[in-house]
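Chains as they are written, first to last, in this note's numbering: chain A, 1 to 335; chain B, 1001 to 1335; chain C, 2001 to 2335; chain D, 3001 to 3335. No residue lacks a Cβ here, since even glycine has one placed at the ideal position from N, Cα and C. The structure appears below as structure tokens.
In structure tokens:
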């Protein structure tokens, strides 16, 4: 049994890792860590569940815990001072924050508007996009889990950008509210977020930094907040830079995802819906053709599973030689 | 045209007053006031609407504004220091906070856990329950608008408590989330409040103070938070202290609400739903009979209209000799 | 007082007309009509409201009712056999169905997949886009109210298509579920529609017929279903066919909507949200600039008000010489 | 590995069984059955998931399938003609319909308003309330899974009714909309069910038949429909027939649930919420004391898991000697 600990268990993402790992047949959760003493509400959820630690401990980066894997679910910049010590320990690390996702520290500084103070480890980390970087992930000591919009968007575009086929793309993205985590802002109050849709951060969202490093192309990125807890639907309206038949576009995706157990392709055939993936670690990608030079690619994921905790566990499975989908929910929740 | 000003325009209740008054054919909104200089987001809603002031002014209690009526929508205790000055002015006042609802200051101190510092005006104020205290409201200078749970509950019980017929009642109340206003608490975040129902403050809710003064009886009051913006449904499970036929119970309600244009009665006939009232100033009351000594009374209102701004405007109509329902929406929104 | 009747009062749109007209100070609702005898649930909403007929009558197209205006809110094709008789009567007609919106009957036949059997009246009807066709509406006997997506989209594009400035546009539209009316389909069941977003009818939606006749340009139209009752947000990603400064784009909109009391413009300044318009008859249009040849125009409306009943009443006001916004809600509901 | 088949895979409950069993480490799903040839939408959810059959077969009750357990998720009365044949086969059966829950066929006839045509098997079936009838379930060939309201309510009341301590109880129950399954009725359309709460079937709900057979006492049962997909919260307001200290009440529950891994007790300490259980197979029970003769017991469950598929799998675990919670989610989804 793999011994796994979670640092930052009280946020939505950290808690999602607990929830998913509780059902993983090859894993035992040995520790729930917080950065500092605090009254978290974690125990109202884990009370009486024997397979989960009932309380949180304060994490000590200098201690050599008897664990195989540490999953970090803290806000960005929190672990900068700790990471140099943690990386010396025997356990492997999966970091769900943005801190080790980018290779270029200046890009981090620009998008996150703060200096990256742990640049020396940037090149040691592997970007946890399992569908494209599995080999590097398998041998990595530090995996940086991608942002939720980044996973949905890069899975939709990379088979074409890798062929240099995109002239310009409009990405109109829609996300459920859990993407905002537990941010205490007026905007995220129920009575404000319920019963309306809004556009925000057009062409200014931080996840664009990840697009730039993984599937660069001329792009408008326009995210929207939708009144639902979970789910991302990304509609990519693509202008191709040379004529393509639908079959040829489809083939690029089929080849890219031939061995990807968590990606499903639908060619010209169905109406994409987050309901087909929410509750699971699946990404659905729908490929439609408007004309020989225009295609619409829609991808859908559960932002807290394939867009966060589930994708991290998929990386963990790769890092420790387990079946890639071990312990992961594959069936959508539907209702 | 009646000249009306609103003090505290940025909260949900104050804004609801603006929205309703904009459609009132006999009213002109002359001022939007705040207590102190602040960046409110009010103007994103009123931009370009010629019939509404486009900016907020800081209110001065010593100034004799050219207004007929001041509606106050501020948190409790805010106007204690100002009220003695305001009450000297020529305008009439409707206060939507809890500050002048109770006659007994000790009850206020106990339920609100703070000393009432303006007791001398308590006896001058009239409790704005239009269906029972219309005569006093018509001649009052200061009307205290009831709490939202209080309106729904008292309308459901008072016809029977006035006859001394209730032995014991369980009031199971369900409210939409806007009742919490813009309180920045984890509990009211979308991702926390959506997709679940919870019980809270069982037998400890502050509106119980208003029940005690207006329809005292042995009671359990058990409120619940429901994932919807608006609406209150109050189910009252009543043990009668003497046998009653359904007709006789119905008659007490029919007599009590004979001249109440905003109360609708349904006798043994329909399934109560907040959808039948939300968007309107109507209160629906459904009367069912379980046995000769048990009755179920269900009342439904829109908590921001009949439970707040709409009821206040109904009082205003009475105070200024207008038709009681002038300018008020009577048709539910349905969808 | 204008005497108004509604034919088709039991659907969402017809009911919305009742709700809005009840608050209109210059209107009396004289009749609620249905096409044939039926048990509608309309009376659970109008019970006890003295200003509204409490029951529905079966409509007779040959009868000369004492009404000024008949508002029709029936599914398409229902009134084909009746319209030739109705048009002979003295009252004016506003039809909310799609039947008289298009000038070219072949386009109707193609998009609606059924033959138009009342072509002779197509040219007599005026398309009820008040912001552009007010003069024709004022003198028309038959006004065809536009589709909800059509109003939102045409208001967003027409100032530029009228200048022939659009090379290509991606319109990504998001709508609340009430747009589907009371269609009994699995898709629209609460447990299916709640908590997810889906794309549907990409480039196949019927409202595209209206775009073609009113603001033709190369377009992808991609509608989405969002889990909320009301509201449409339309994001138009525009490739201009010649370079434009933001000021020059803004000027086209300012000129187009100079005298439009229900359109509000926001230039490069705010995050568009349906919350700013839902509950009102306002359309908000936000203009942003990505580059000299790319612009993003976002428009938001309440699909049942500005996208249906409210826009129809605005037309009615024009047809009968009332103030254009008489009786219309201008303040958004916010919560 | 246990071989399990599901008959009736296209409904919400049947699909929930697929979803849960996919994550069960000791189970392989061998067949998805339907009663008759039909185009179900099941394959849009299972496409590409290797551990699940990709298509549905028509079920033949005379065939001796190579399966250990058949889970039936069909509407009531559907399997009456088949059950006598099925019961002859070697596999064990768990029926999620109401058909074999009651011992008294007259009670079935009355509550379901149709004659029970398979009475001879009623006494062979065991009521699948795992917390109370585990011994009988372990050796049973046919288990009838309780109704969702029944599970929540009986778990809340039975520790006291078994002691004969309840004089009278008001059960005010609130359920998410998925409880209605895929019933195509106006009431369950999104635009009708969203943003409101309604009371329905007061004292007339069919699950009352199950209360009568398992925890009979004088009761008002008042269910409500709440705008959320999942979750039941049952508030039981109990009049005790003799004085009880809170400790003594708590002890009855502690003893009843001492060995129940899916029941959690909270004594006088927290505000119950469906969020603490939805997504899991846990039932939370909160015990509060109002006076020596009044207690409030609140129980919460996920209606599709502990109230349906999860509870059935818990029975299956017992029937086949697995750990009682094997493969079941124990951690709530929280968001």
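Residue j beta carbon less than 8 Å from that of residue i
i: residue 315 (chain A); j: residue 143 (chain A); result: yes
i: residue 2129 (chain C); j: residue 2285 (chain C); result: no
i: residue 61 (chain A); j: residue 32 (chain A); result: no
i: residue 2114 (chain C); j: residue 2126 (chain C); result: no
i: residue 3197 (chain D); j: residue 1202 (chain B); result: no
i: residue 1259 (chain B); j: residue 1175 (chain B); result: no
i: residue 2276 (chain C); j: residue 1200 (chain B); result: no
i: residue 294 (chain A); j: residue 238 (chain A); result: yes
i: residue 312 (chain A); j: residue 232 (chain A); result: no
i: residue 1026 (chain B); j: residue 1330 (chain B); result: no
i: residue 3264 (chain D); j: residue 47 (chain A); result: yes
Closest residue to residue i among the options (Cα-Cα distance)
i: residue 2309 (chain C); options: C:2299, C:2281, C:2135 and C:2318; result: C:2281
i: residue 1251 (chain B); options: B:1085, B:1019, B:1262 and B:1266; result: B:1266
i: residue 1 (chain A); options: A:10, A:30 and A:13; result: A:30
i: residue 3105 (chain D); options: D:3054, D:3121 and D:3227; result: D:3121
i: residue 3 (chain A); options: A:52, A:35 and A:151; result: A:52
i: residue 3159 (chain D); options: D:3301, D:3255 and D:3018; result: D:3255
i: residue 1069 (chain B); options: B:1028, B:1116 and B:1263; result: B:1028
i: residue 3333 (chain D); options: D:3279, D:3299 and D:3207; result: D:3279
i: residue 220 (chain A); options: C:2170, C:2223, C:2135 and C:2264; result: C:2170
i: residue 1223 (chain B); options: D:3020, D:3241 and D:3272; result: D:3272
Chain-ordered neighbours of residue i on chain A, where CB pairs are closer than 7 Å
i: residue 3015 (chain D); result: 334
Between the CA atoms of residue j and residue i - distance to the nearest angstrom
i: residue 1230 (chain B); j: residue 1307 (chain B); result: 10 Å
i: residue 2296 (chain C); j: residue 149 (chain A); result: 20 Å
i: residue 1243 (chain B); j: residue 2022 (chain C); result: 42 Å
i: residue 1064 (chain B); j: residue 1093 (chain B); result: 13 Å
i: residue 181 (chain A); j: residue 3234 (chain D); result: 29 Å
i: residue 1013 (chain B); j: residue 1073 (chain B); result: 6 Å
i: residue 2157 (chain C); j: residue 2145 (chain C); result: 18 Å
i: residue 3257 (chain D); j: residue 3103 (chain D); result: 24 Å
i: residue 2214 (chain C); j: residue 2131 (chain C); result: 12 Å
i: residue 1018 (chain B); j: residue 1006 (chain B); result: 8 Å
i: residue 1317 (chain B); j: residue 1096 (chain B); result: 15 Å
i: residue 3245 (chain D); j: residue 3299 (chain D); result: 20 Å
i: residue 3123 (chain D); j: residue 3134 (chain D); result: 17 Å
Within chain C, partners of residue i - CB distance below 9 Å
i: residue 3184 (chain D); result: 2184, 2185, 2186 and 2189
Closer than 7 Å at the beta carbon, the chain G residues around residue i
i: residue 178 (chain A); result: In the structure shown, chain G does not exist; the protein chains are A, B, C and D.
8 Å CB neighbourhood of residue i in its chain, flanking five on each side removed
i: residue 3290 (chain D); result: 3296
i: residue 363 (chain A); result: A query on residue 363 (chain A) cannot be resolved here, the shown segment of chain A reaching from 1 to 335 and no further.
i: residue 341 (chain A); result: Here chain A has residues from 1 to 335 only, and residue 341 (chain A) is not among them.
i: residue 3066 (chain D); result: 3003 and 3030
7 Å Cβ cut-off: residues of chain C touching residue i
i: residue 1047 (chain B); result: 2264
i: residue 1023 (chain B); result: 2023 and 2329
Sequence-distant residues of the same chain with beta carbon closer than 7 Å to residue i, five excluded per side
i: residue 1085 (chain B); result: 1061 and 1062
i: residue 2056 (chain C); result: 2009, 2032, 2033, 2034, 2040 and 2042
i: residue 186 (chain A); result: 192
Per-residue contacts from residue i into chain B (C-beta, under 9 Å)
i: residue 2159 (chain C); result: Here the premise fails: no neighbours, minimum Cβ distance about 17 Å.
Contacts of residue i in chain A (Cβ-Cβ under 8 Å)
i: residue 3276 (chain D); result: 44 and 45
Contacts that residue i makes with chain B (C-beta to C-beta distance below 7 Å)
i: residue 3271 (chain D); result: 1198, 1199 and 1200
Other residues of its chain near residue i: CB distance less than 6 Å, five sequence neighbours each side excluded
i: residue 336 (chain A); result: Any answer about residue 336 (chain A) is impossible in this case: the structure gives chain A only from 1 up to 335.
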